[in-house]
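In structure tokens, the structure reads:
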């Protein structure tokens, strides 16, 4: 089974690496990091670079693909090369998935038209403008399409996907292998649970970073 | 604040990227991926390469460092360059931390002699042989040293650390930013919770992989 994770400038590392860590452990699966051109792609912080080992044209019909999120997605909504790759890959994929704002690119490719999907809680409005029906669930399945909420939710999504692909026992064994028995020290992981002042703070910070990136590009 | 995450051949990606995703969001913090030499280091699956942007000698006194785990740790227990780097960095660090089998290297550097620490549940025996007192808690703090359990536990550890460094509200805001409101589809993330047959299966698979790597090296 060939699994593709497309990278791009200013992606969010955990969006890509969470699903990688689960899906790379599926028996017979190979995860490929791919990009418009091979070589290093760096995160939005510029502190981490992951190598794209293949270019998009070298893996056009993966069995599964995962679009990670990141600030860089906004610049790709109108990028013909990436959006065409997604549209084409979706025609033959067994599973089409995204984490965080990766779903904006699935929506831009027309894959989420009129259906329920999710994204980072900060971007429900944009997801809706792109044609989907945003919902605040952590993992949203619509046929062969699975979208996950912000950043860390890709781990949960990948375990759901692993169970679909290889059965519950394999998914449970992978969960045990990565010792995924989460114990966050706070209960502040969603806007419904966090202090409203922190929700406002994170919203303002994210808007500022987004504007800074747009001004710089 | 300078935060170092040393990489090496056959590391586990999520061990490094979970803490990166949390700690890179601390105000004023810079996370550096470092290695004996700069350039790509690949995971034990060989499917993912992260760039080491600095070599060990370029950052010998970080404020914080995180040793990720992976099969590659076993070859480093006797590696003077890495162990000396850890021992030296620990002399001046504010926080010395590890994820998964990264604690084997802290132990090899003498940092865990006679104190409680944790590691991946498969490696308690080896951690004990290296002088520590293994415990099965997810995040174990001993003064300025924090060790975390297997792979995904690095996210929980990094949130604990973020709170120590910058206060609870900053840690909670980071948790909200990465939408860390975990919802695993199964409750199989620790040997105490998983089906005993799956614990046995994962143990056998891990031993096989370890032997394969040792035979190949």
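Protein chains in written order, with this note's numbering: chain H, 1 to 217; chain C, 1001 to 1217. No residue lacks a Cβ here, since even glycine has one placed at the ideal position from N, Cα and C.
Can residue i and residue j be called in contact, C-beta distance under 9 Å?
i: residue 1012 (chain C); j: residue 1068 (chain C); result: yes
i: residue 130 (chain H); j: residue 86 (chain H); result: no
i: residue 40 (chain H); j: residue 56 (chain H); result: no
i: residue 1150 (chain C); j: residue 28 (chain H); result: no
i: residue 102 (chain H); j: residue 43 (chain H); result: no
i: residue 1001 (chain C); j: residue 24 (chain H); result: no
i: residue 1022 (chain C); j: residue 1159 (chain C); result: yes
i: residue 1066 (chain C); j: residue 1115 (chain C); result: no
i: residue 170 (chain H); j: residue 1045 (chain C); result: no
So residue i and residue j are in contact, right, with Cβ under 8 Å, and what is the actual spacing, rounded?
i: residue 1093 (chain C); j: residue 1062 (chain C); result: 6 Å
i: residue 1034 (chain C); j: residue 1014 (chain C); result: The pair is not a contact, with the Cβ atoms about 18 Å apart (cut-off 8 Å).
i: residue 153 (chain H); j: residue 139 (chain H); result: 7 Å
i: residue 7 (chain H); j: residue 16 (chain H); result: 7 Å
i: residue 200 (chain H); j: residue 1190 (chain C); result: Actually they are not in contact, since the Cβ atoms of residue 200 (chain H) and residue 1190 (chain C) sit about 36 Å apart, beyond 8 Å.
For a contact meaning CB atoms closer than 9 Å, what does residue i contact in chain H?
i: residue 1030 (chain C); result: 45, 47
i: residue 1193 (chain C); result: 176, 181
Answer with buried or exposed for residue i, where buried requires no fewer than 16 other C-beta atoms within 10 angstroms of its C-beta.
i: residue 1084 (chain C); result: exposed
i: residue 117 (chain H); result: buried
i: residue 1037 (chain C); result: exposed
i: residue 1196 (chain C); result: exposed
i: residue 1136 (chain C); result: exposed
i: residue 1181 (chain C); result: buried
i: residue 1204 (chain C); result: exposed
i: residue 208 (chain H); result: exposed
i: residue 156 (chain H); result: buried
i: residue 1053 (chain C); result: buried
i: residue 1167 (chain C); result: exposed
i: residue 4 (chain H); result: buried
Could you tell me the boundaries of the alpha helix (DSSP H) in which residue i lies?
i: residue 172 (chain H); result: 168-177
i: residue 1018 (chain C); result: 1013-1023
i: residue 118 (chain H); result: Element bounds for residue 118 (chain H): n/a, residue is neither H nor E.
i: residue 1066 (chain C); result: Here residue 1066 (chain C) belongs to no alpha helix (DSSP H); instead the beta strand (DSSP E) covers 1064-1067.
i: residue 203 (chain H); result: 196-216
i: residue 102 (chain H); result: 102-108
Can you name the residues of chain H whose CB is closer than 8 Å to the CB of residue i?
i: residue 1095 (chain C); result: The premise fails here: residue 1095 (chain C) is roughly 15 Å from chain H at the closest Cβ pair, so nothing lies under 8 Å.
i: residue 1142 (chain C); result: In chain order: nothing, as chain H lies at least about 17 Å away.
May I ask which residues mark the beginning and end of the beta strand (DSSP E) holding residue i?
i: residue 1146 (chain C); result: 1145-1148
i: residue 85 (chain H); result: From DSSP, residue 85 (chain H) is part of no beta strand (DSSP E) but of the alpha helix (DSSP H) over 80-92.
i: residue 1097 (chain C); result: 1095-1099
i: residue 1232 (chain C); result: The structure shown does not extend to residue 1232 (chain C), since chain C is modelled only from 1001 through 1217, so no value can be given for it.
i: residue 1006 (chain C); result: 1002-1006
i: residue 1030 (chain C); result: 1030-1035
Just the chain C side, please: which residues come within less than 9 Å of residue i by C-beta, in chain order?
i: residue 33 (chain H); result: 1047, 1048, 1049
i: residue 138 (chain H); result: 1179, 1181, 1182, 1183
Whose Cβ in chain C lies nearer than 8 Å to the Cβ of residue i?
i: residue 150 (chain H); result: 1177, 1178, 1179
Please confirm whether any heavy atom of the ligand FAD lies closer than 8 Å to the CB of residue i.
i: residue 1021 (chain C); result: Among the components modelled here there is no ligand, and therefore nothing to report on the ligand FAD.
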